[in-house]
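Here is the structure we will look at.
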Amino acid sequence: IKAYLGAMEAARALNAYIVETPEKALEMAAASDARIANGEQRPLEGVPIGVKDLFATEGVHTQAASHVLDGFKPPYESTVTANLWNDGAVMLGKLNMDEFAMGSSNETSYYGPVVNPWRKEGSNLPLVPGGSSGGSAAAVAARLCAGATATDTGGSIRQPAAFTGTVGIKPTYGRCSRWGIAAFASSLDQAGPIARTVRDAAILMKSMASVDPKDTTSVDLPVGDYEGAVGQSVKGLRIGIPREYRIDGMPAEIEALWQQGIAWLKDAGAEIVDITLPHTKYALPAYYIVAPAEASSNLARYDGVRYGLRVPGGDIAEMYENTRAAGFGHEVKRRILIGTYVLSAGYYDAYYVRAQKIRTLIKRDFDLAFAAGVDAVLTPATPSAAFGLEEMAVASPVEMYLNDVFTVTVNMAGLPGIAVPAGLDSSKLPLGLQLIGRPFEEETLFRLAQVVE
Ligand code: GLN
Numbered sequence: 030i031k032a033y034l035g036a037m038e039a040a041r042a043l044n045a046y047i048v049e050t051p052e053k054a055l056e057m058a059a060a061s062d063a064r065i066a067n068g069e070q071r072p073l074e075g076v077p078i079g080v081k082d083l084f085a086t087e088g089v090h091t092q093a094a095s096h097v098l099d100g101f102k103p104p105y106e107s108t109v110t111a112n113l114w115n116d117g118a119v120m121l122g123k124l125n126m127d128e129f130a131m132g133s134s135n136e137t138s139y140y141g142p143v144v145n146p147w148r149k150e151g152s153n154l155p156l157v158p159g160g161s162s163g164g165s166a167a168a169v170a171a172r173l174c175a176g177a178t179a180t181d182t183g184g185s186i187r188q189p190a191a192f193t194g195t196v197g198i199k200p201t202y203g204r205c206s207r208w209g210i211a212a213f214a215s216s217l218d219q220a221g222p223i224a225r226t227v228r229d230a231a232i233l234m235k236s237m238a239s240v241d242p243k244d245t246t247s248v249d250l251p252v253g254d255y256e257g258a259v260g261q262s263v264k265g266l267r268i269g270i271p272r273e274y275r276i277d278g279m280p281a282e283i284e285a286l287w288q289q290g291i292a293w294l295k296d297a298g299a300e301i302v303d304i305t306l307p308h309t310k311y312a313l314p315a316y317y318i319v320a321p322a323e324a325s326s327n328l329a330r331y332d333g334v335r336y337g338l339r340v341p342g343g344d345i346a347e348m349y350e351n352t353r354a355a356g357f358g359h360e361v362k363r364r365i366l367i368g369t370y371v372l373s374a375g376y377y378d379a380y381y382v383r384a385q386k387i388r389t390l391i392k393r394d395f396d397l398a399f400a401a402g403v404d405a406v407l408t409p410a411t412p413s414a415a416f417g418l419e420e421m422a423v424a425s426p427v428e429m430y431l432n433d434v435f436t437v438t439v440n441m442a443g444l445p446g447i448a449v450p451a452g453l454d455s456s457k458l459p460l461g462l463q464l465i466g467r468p469f470e471e472e473t474l475f476r477l478a479q480v481v482e
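If you're matching positions, the sequence shown starts at 30 in full-length UniProt numbering and goes up one per residue.
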């Protein structure tokens with residue numbers, strides 16, 4: 030723990046941690062030492078973990094990297110982090126992220142962007158770590174924690190994992206409790222780990238997953254033996270290759286990586302089949318209606334009355350206005366505006382209802398593939414490697430949204446998806462492949478992921 034705390038201090042330029050909690054870490058580590066001395070070791074005894082700032086941590090800074098939650102220290106702990114601490118893990122601090130998990134580059138954080146520890150060969154240009162769990166991914170890649178909690182509403186675990194050469198899994202919707210995680214889009218949000226290896230991710234996921242009476246969308250199904258699944262044969266598993274993911278303008282390097290992944294799985298005894306997911310092209314636009322709609326509703330609670338920032342005004346309406354104007358950043362305001370627009374009486378049917386219908390069709394595409402005997406789907410995780418800081422942010426919000434083209438379908442369909450580092454591009458930056466599985470069959474993903482890793 031001391032070594033990690035030292036590494037964190039030495040790597041502050043990466044801006045991965047918003048808050049370091051050394052006292053708490055040393056206290057938890059001492060408790061772990063005592064347990065070990067007594068022969069009462071728990072599964073994650075003494076394992077140093079970083080926590081995305083979206084997770085409520087009792088008595089510790091929790092602001093979703095937003096100014097609107099200024100000074101908020103929750104009186105309760107999220108279920109996912111409580112599960113980790115109950116298994117003996119040690120908290121090192123709170124990790125930077127895009128504000129309220131809205132973004133793909135970690136540049137919307139009130140605390141400034143995170144810098145990716147990777148560089149292009151022969152270049153010193155700072156790169157983004159991806160987002161929204163950019164702090165989690167950068168911290169794991171730079172060895173500033175052994176693993177991190179993260180969340181994924183439309184790719185926020187998998188895309189940053191791909192950009193930093195780490196492993197990230199978004200479990201099936203309902204696998205982890207959302208209780209104590211600041212809500213972005215409640216029907217899409219899911220927690221999961223980012224870790225250095227497939228095996229580490231499996232170990233962390235077992236601890237994080239649980240049914241929870243405090244989250245009625247968490248599911249009462251046995252948590253699998255994920256670690257045991259790592260290393261199991263993939264012989265005879267059928268892997269679907271969706272032709273719709275071969276998008277226009279996809280770099281040759283990404284296509285080559287995909288072919289390499291196919292070859293590895295084939296060599297390991299899996300069967301490769303071509304499949305069609307015909308509604309894929311509607312996923313991104315539909316996601317950017319559903320997610321902002323739910324966000325605009327969820328973020329209504331940040332009104333300056335209950336917690337966080339309050340900017341006074343002449344009357345209560347003016348206080349709301351002043352608080353929100355000062356408290357939310359540009360991207361969050363953009364999402365709230367889009368969300369309230371698509372939910373407004375005149376446009377509800379044209380946008381929101383239609384997006385929900387598309388969501389059903391996307392889910393059905395996967396259902397049909399699985400019903401035809403496909404065990405998992407293999408795709409690239411992202412359309413490119415990590416890009417330069419400010420490169421996309423200055424281009425346009427839509428350019429930024431295009432990063433999520435391979436990941437959002439998985440959230441729309443509620444499926445589990447894992448991003449695994451699978452190679453390097455020509456400038457020696459990490460690239461990831463994504464495996465998508467049947468609902469609640471995360472074990473299959475862990476089996477397959479190790480072949481690609
Ligand atoms: N980049 C996506 C967005 O901005 C995904 C975010 C997420 O998964 N939290 O909405």
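From the three backbone atoms N, C-alpha and C, an ideal C-beta is built for every residue, glycine too.
Practice task
Go ahead and pull the three-state DSSP assignment for D344.
Solution key: coil
Practice task
Over the uninterrupted beta strand (DSSP E) stretch that includes P459, give me the two end residues.
Solution key: Per DSSP, P459 belongs to the beta strand (DSSP E) from 459-466.
Exercise for the section: Assign R267 to one of three DSSP states: helix, strand, or coil. Expected result: Note: R267 maps to strand in three-state DSSP.
Handout entry: Cβ shell of A322 (< 6 Å), same chain only, five flanking positions each side left out
Key = G368, V371, L372, Y381
Exercise for the section: Please indicate yes or no: does the CB of D394 lie closer than 7 Å to some heavy atom of the ligand GLN? Expected result: Every heavy atom of the ligand GLN is 7 Å or more from the Cβ of D394, so no.
Practice task
Check whether the Cβ atoms of P450 and G164 sit closer than 8 Å, and answer yes or no.
Solution key: Contact: no.
Problem - Rounded straight-line distance, which links the Cα of H359 to that of P146 - result: Near 26 Å, if we compare the C-alpha coordinates of H359 and P146.
Exercise for the section: Note down, one range per segment and in chain order, each alpha helix (DSSP H) of at least 4 residues found wholly within the stretch 38-95. Expected result: 51-66
Problem - Status (buried if at least 16 other CB within 10 Å, exposed otherwise) for Q70 - result: exposed
Exercise for the section: Using a threshold of 8 Å, state whether the C-beta atoms of V240 and V248 are closer than that. Expected result: yes
Handout entry: Beta bridge counterpart(s) of D303 as assigned by DSSP
Key = Paired residues: I270.
Exercise for the section: Can you give me the Cβ contacts of T246 inside the same chain, cut-off strictly under 6 Å, excluding the 5 residues immediately before and after it? Expected result: G203
Handout entry: CB-CB length for R41 against A448, believed under 8 Å
Key = About 27 Å separates the two Cβ atoms, so there is no contact after all.
Handout entry: C-alpha gap between I465 and L266, whole angstroms
Key = 13 Å
Problem - Contiguous beta strand (DSSP E) assignments of at least 3 residues, all confined to the stretch 370-410 - result: Taking only runs of at least 3 residues, the beta strand (DSSP E) segments lying wholly in the stretch 370-410 are 405-409.
Problem - Beta-carbon proximity check, V434 vs G290, cutoff 8 Å - result: no
Problem - Proximity winner among E350, A401, N112, relative to Y331 (alpha-carbon distances) - result: E350
Practice task
Identify the continuous alpha helix (DSSP H) that holds V437 and give its terminal residues.
Solution key: 437-442
Problem - Sequence-distant residues of its chain with Cβ nearer than 8 Å to I304 (five each side left out) - result: Closer than 8 Å at the Cβ level, and outside the excluded window around I304, lie G269, I270, P271, R272, A398, A401, V403, V406.
Practice task
Give me the Cβ distance between H308 and D396, rounded to the nearest whole Å; I'm assuming they're in contact under 8 Å.
Solution key: That pair is no contact at about 12 Å.
Exercise for the section: Verify whether the separation of the beta carbon atoms of T201 and F469 is less than 8 Å. Expected result: yes
Exercise for the section: Mind reading off the beta-carbon distance from G337 to L83? Whole number of angstroms is fine, and I expect it under 8 Å. Expected result: With 8 Å as the limit, G337 and L83 do not qualify as a contact, their Cβ atoms being about 14 Å apart.
Exercise for the section: Confirm the yes/no value for this check: CB of G183, any heavy atom of the ligand GLN, distance under 7 Å. Expected result: yes
Practice task
Check the Cβ-Cβ distances between Y46 and every residue of chain B, and say whether any is below 8 Å.
Solution key: Any reference to chain B falls outside this structure, which holds one protein chain only.
Problem - Near the ligand GLN: D378 beta-carbon under 7 Å from a heavy atom - result: no
Handout entry: Where M237 sits in the DSSP three-state scheme
Key = In this structure, M237 counts as helix in the three-state DSSP scheme.
Handout entry: W208 beta carbon less than 8 Å from that of S134
Key = no
Exercise for the section: Measure the alpha-carbon distance for K53 versus I30 and round it to whole angstroms. Expected result: 11 Å
Handout entry: Burial state of S61 (16 or more Cβ within 10 Å)
Key = buried
Exercise for the section: Return the CA-CA distance between G151 and D454, expressed in angstroms with no decimal places. Expected result: Going by the C-alpha atoms only, they are around 14 Å apart.
Handout entry: Rounded separation between D254 and F416 - CA only
Key = 36 Å
Practice task
For F101, verify whether its CB is less than 7 Å away from any heavy atom of the ligand PLP.
Solution key: Questions concerning the ligand PLP fall outside what the structure shown contains, since the ligands it does hold are the ligand GLN.
Exercise for the section: Name the residue from A297, Y274, G298 whose alpha carbon lies nearest to the alpha carbon of W287. Expected result: Y274
Problem - Buried or exposed by the 16-neighbour rule on C-beta atoms within 10 Å, applied to P158 - result: Buried.
Handout entry: Length of the line joining the Cα atoms of R228 and A478
Key = 9 Å
Problem - Through-space distance from P189 to E300, alpha-carbon basis - result: 29 Å
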